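This report concerns only the one structure given below.
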Amino acid sequence: MKLNKIKIIIILSLLLAGLIIFAVYLIKTDYQNNIDNKINNKKPEILHYAEPNDLDFYETAYNFVNKKINFKDESIIGGIIPHHLLAADLIAEFFSNFNNDYETIILIGPNHFSAGKSKIISSARNWQTPYGVLKYDKYVINELSLFNEIKIEENIFEKEHAINSEVAFIKKTFSNAKFVPLVLRDNIDEKAVTELALRLADIAKNKKILILSSVDFSHYKDNLTAQKNDEISIGAIESFNFNEIYNLDIDSPASIYTLLKFGELNNSEFNLLNNSNSAILSNKLNLKSTTSYVTGYFVVKDNKNIIANGFLENTARQLKMLFFGDMMLDRYVGEKIKANGLDYLFEELASSTKENFFSGYDLISVNLEGAVTNNGEHYNPIMSYDFAFHPNIINQLKKYNFNFFNLANNHFADQGEQGIIETRKNLQLLNFDFSGCRDRKTGKCSSKIIKKENKKIGMAGFSMVYGKLDELAVEKIVADLASTTDLVVVNIHWGVEYEHYFNKTQQNIAHKIIDAGADIVIGHHPHVVQGIEVYKNKLIFYSLGNFVFDQYFSTDTQEGLAISVSIDDSNNFYLFPLKSKLSQVSLMNEKEKNKFLQKLSDWSAVDEQIRKQIRKGKLEL
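Going by my numbering, the first residue of the sequence shown is number 515, and it counts up by one from there.
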């Protein structure tokens, strides 16, 4: 009996000793792990999760894919998808058409619950999906953090289905890509989302990124009303009608506006893949309250169009440009705008032809006589001729398709260096292209390369009102553009005011500019139209005169010339004589036009064949 007790005591002692040794081992291991974590600054990773985080759900969605579109190359830069998972099969269909890889996927969607504090919210965490971990892109997050409107707020993503419903599809489709979500509040304005699009476009220059808008369309309408509303929304997107985006029946106009602006910056077009709604998908066509869905792609247009079978083919299209002279929107013109709106200036010209006079152009350019300052401020010292324009007024010019400004003139510096800085920043935020330094200066600000259709256009601007230009610097800038672009257009501010005949100084510089590689020279500043010259089969328009100004004291200062240029196998130049009354611009009638073109031919230094073409209003070179 004693022997059995001794055995039991021994066994219990051994068990106790084992437990003590094991406990010590656990304590030491945990202690060592803590030390390792402290040394390596490691913390347990906190993940966001796909919702639902269920593999079968997504695999089932892919069983219902119907439409296949085959793209010949890597030309898709963006897309629209729904986040309502009743449309999971449409989302799967959208992603199943990709066969190219991207470095980063940026997903933009609405802030459904007005959560968090910032206007734009992002995340710096990885996402757990049924297809593995989708990693966030630290580089892109850092680049976007330079934009004050964007903040990291992790707590909103657990419930935000604009994001968590899409991440599994993204990981399945782009297994190696990184990810950045952007959640936008409803009250974010056009200026902020335009700046966001500009920043995304800058990032896309260094990385291959895909921008997706996670947006549901018509809400709480019956089936037929939803379809009608979708037709309006799709039409606005296809036509890049920015003025209508915030009026559409969609749950995140800001998300669509950002994507559309990014698409415009990358010369893309929208191609619809599918459009449906919850009544159709659930086969309950009598539903009184539906949600509708749109899927589609933004495809780069350069030499490409989608044809009926879904493949891309190369096409060549005529490049069309429209040039005007001096435009000033302050002083008495500003008073007209305040009293009657900006449309007062252009509505008569816009409606003077069968189609809108301003439609159908890839580039519409004007010489902007003044600074685009914050709130249209005038800064000291105030001068006798002192022009500044509010960015909102400039933004309204988009209605008439203006997209390029020459800034090189004697009024660019009216508001000093601060005005120059603000002008460039505001025009960039508004997505206008521009070129030109202050009067008599040259440098990087003198030129801009823009892409239109399948061509690179070099736009240069120079001004020589109060002194001479550095002609060697001008020639180098033009020559550099000529070596890297398909077409070089030079705007130049020069000449004697109110004089119809150009002078020898203008002519010498114009010839040097063409010798350096310019294809077209567009002049302005004299406030009246000057003659035309052909040099080495290139056209020089010495002055287009006033376009919009308040010089009401003479007929000549209220006449101007618009030049329409069509570039294809041959170069055609159409001359549109303009007149204005109290700054309201219109086309001249036939009698006025013939009289004006006769005078223009007299002011010009051309042979008789070109003189006849001028009188007919069309030059062909």
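Glycine included, each C-beta is placed from N, C-alpha and C at the ideal position.
Just so it is clear, the structure is predicted and the values come from calculations on it, not from any experiment.
Taking residue i as part of the beta strand (DSSP E), name the residues at either end of that continuous run.
i, result
"LYS665", "664-666"
"PHE976", "969-977"
"ASP636", "A small fix is needed here, since residue 636 is Ser in this sequence, not Asp. 634-636 is the span of the beta strand (DSSP E), which, as asked, contains SER636."
"PHE784", "782-791"
"ASN1085", "1085-1095"
"PRO695", "692-698"
"GLU891", "First-last for GLU891: undefined, no H or E at that position."
"GLY848", "No beta strand (DSSP E) contains GLY848, which is instead part of the alpha helix (DSSP H) from 845-854."
"ALA601", "Per DSSP, ALA601 belongs to no beta strand (DSSP E) and is neither H nor E."
"ILE591", "590-595"
"TRP1008", "First-last for TRP1008: undefined, no H or E at that position."
"HIS1038", "1034-1038"
"GLN1072", "Run containing GLN1072: none; DSSP gives neither H nor E here."
"VAL510", "Residue 510 cannot be examined here, being either before or after the span of the chain that is shown, 515 to 1135."
"GLU999", "One point to set straight first is that residue 999 is Thr, not Glu, in the sequence displayed. It is not in any beta strand (DSSP E) - THR999 carries neither H nor E in the DSSP assignment."
Within 10 angstroms of the Cβ of residue i, are there 16 or more other Cβ atoms? Answer buried if so, exposed if not.
i, result
"VAL1208", "This structure leaves residue 1208 out entirely; the chain is present only between 515 and 1135."
"VAL647", "exposed"
"TYR572", "buried"
"ASN828", "Confidence in ASN828 is poor, its pLDDT being 35 and thus under 50, which makes the residue's placement unreliable; the coordinate value appears in the next sentence. It counts as exposed."
"PRO558", "exposed"
"PHE460", "Coverage of the chain is limited to positions 515 through 1135, which leaves residue 460 absent and any answer about it impossible."
"GLY848", "buried"
"ILE560", "exposed"
"THR687", "buried"
"LYS633", "buried"
"GLY749", "exposed"
"GLN1123", "exposed"
"ILE664", "buried"
"LYS631", "exposed"
"PRO475", "Nothing about residue 475 can be read from this structure; the chain reaches only from 515 to 1135."
"PRO895", "exposed"
What residue range does the alpha helix (DSSP H) around residue i cover?
i, result
"THR805", "Here THR805 belongs to no alpha helix (DSSP H); instead the beta strand (DSSP E) covers 804-814."
"LEU940", "In the sequence as displayed, the identity of residue 940 is Asn instead of Leu. Here the alpha helix (DSSP H) through ASN940 covers 930-943."
"ASN613", "ASN613 -> no alpha helix (DSSP H), and no H or E assigned at all."
"ASN906", "905-909"
"ASN1149", "This structure leaves residue 1149 out entirely; the chain is present only between 515 and 1135."
"ALA864", "857-864"
"PHE683", "681-687"
Output the distance between the C-alpha atoms of residue i and residue j, rounded to the nearest integer angstrom.
i, j, result
"LEU1208", "ILE851", "Past the boundaries of the shown model lies residue 1208; the chain is included only from 515 to 1135, so the question cannot be answered."
"LEU836", "VAL880", "9 angstroms"
"LEU826", "ASN780", "Below a pLDDT of 50, predicted positions are generally treated as unreliable, and LEU826, at 31, falls in that range; no measurement from the model is reported."
"HIS562", "VAL694", "12 angstroms"
"ASN567", "ASN669", "18 angstroms"
"ASN823", "GLY810", "With a pLDDT of 29 at ASN823, under the threshold of 50, the predicted position of this residue should be treated as unreliable, and no value is reported."
"LYS1130", "LEU1111", "8 angstroms"
"GLU758", "THR867", "24 angstroms"
"LEU658", "GLN1020", "46 angstroms"
"ALA706", "PRO905", "13 angstroms"
"PRO1040", "ASN625", "53 angstroms"
"ALA902", "ASP844", "6 angstroms"
"LYS990", "VAL979", "21 angstroms"
"ILE1034", "LEU943", "28 angstroms"
"TYR858", "GLY975", "29 angstroms"
"LEU1114", "ILE751", "43 angstroms"
"GLU1013", "HIS1025", "20 angstroms"
"LEU882", "ILE723", "35 angstroms"
"SER747", "SER997", "42 angstroms"
"LYS719", "ASP1121", "47 angstroms"
"LEU1089", "ASN1108", "11 angstroms"
"TRP1117", "LEU1058", "13 angstroms"
"ILE1054", "LEU986", "20 angstroms"
"ALA1032", "VAL1048", "13 angstroms"
"ASN915", "LYS965", "16 angstroms"
Between residue i and residue j, how many whole angstroms is the CB-CB distance? I'm expecting something under 8 angstroms.
i, j, result
"SER977", "HIS1007", "4 angstroms"
"ILE702", "LEU714", "Not a contact, Cβ separation roughly 15 angstroms."
"SER679", "PHE731", "Contact flag wrong, Cβ pair sits at about 16 angstroms."
"ALA477", "TYR576", "Here the chain covers residues 515 to 1135 and nothing more, so residue 477 does not appear."
"TYR893", "GLN832", "Contact flag wrong, Cβ pair sits at about 43 angstroms."
"ASP744", "ASN789", "6 angstroms"
"ASP953", "ASN920", "ASP953 to ASN920, Cβ: 12 angstroms. No contact."
"LYS834", "SER1094", "At roughly 24 angstroms, the Cβ-Cβ gap does not stay under 8 angstroms, so LYS834 and SER1094 are not in contact."
"ILE907", "LEU863", "Contact flag wrong, Cβ pair sits at about 17 angstroms."
When you measure from the CB of residue i to every non-hydrogen atom of the ligand FMN, does any distance come out below 7 angstroms?
i, result
"LYS665", "No copy of the ligand FMN occurs in the structure displayed, which carries no ligand at all."
Chain C beta carbons: is any one of them nearer than 8 angstroms to that of residue i?
i, result
"PHE1110", "Absence of chain C from the displayed structure is noted, only one protein chain being present."
Item checked: Every unbroken beta strand (DSSP E) inside the region 722-775 [3 residues or more] -> Fully enclosed beta strand (DSSP E) runs of 3 or longer: 723-728 and 733-735.
Notebook entry, point to check: Taking only runs of the beta strand (DSSP E) that begin and end inside the region 639-673, which ones reach a length of at least 3 residues, in chain order?
Noted result: For secondary structure counted as the beta strand (DSSP E) over 3 or more consecutive residues, the region 639-673 holds these complete runs in sequence order: 641-643, 646-648 and 664-666.
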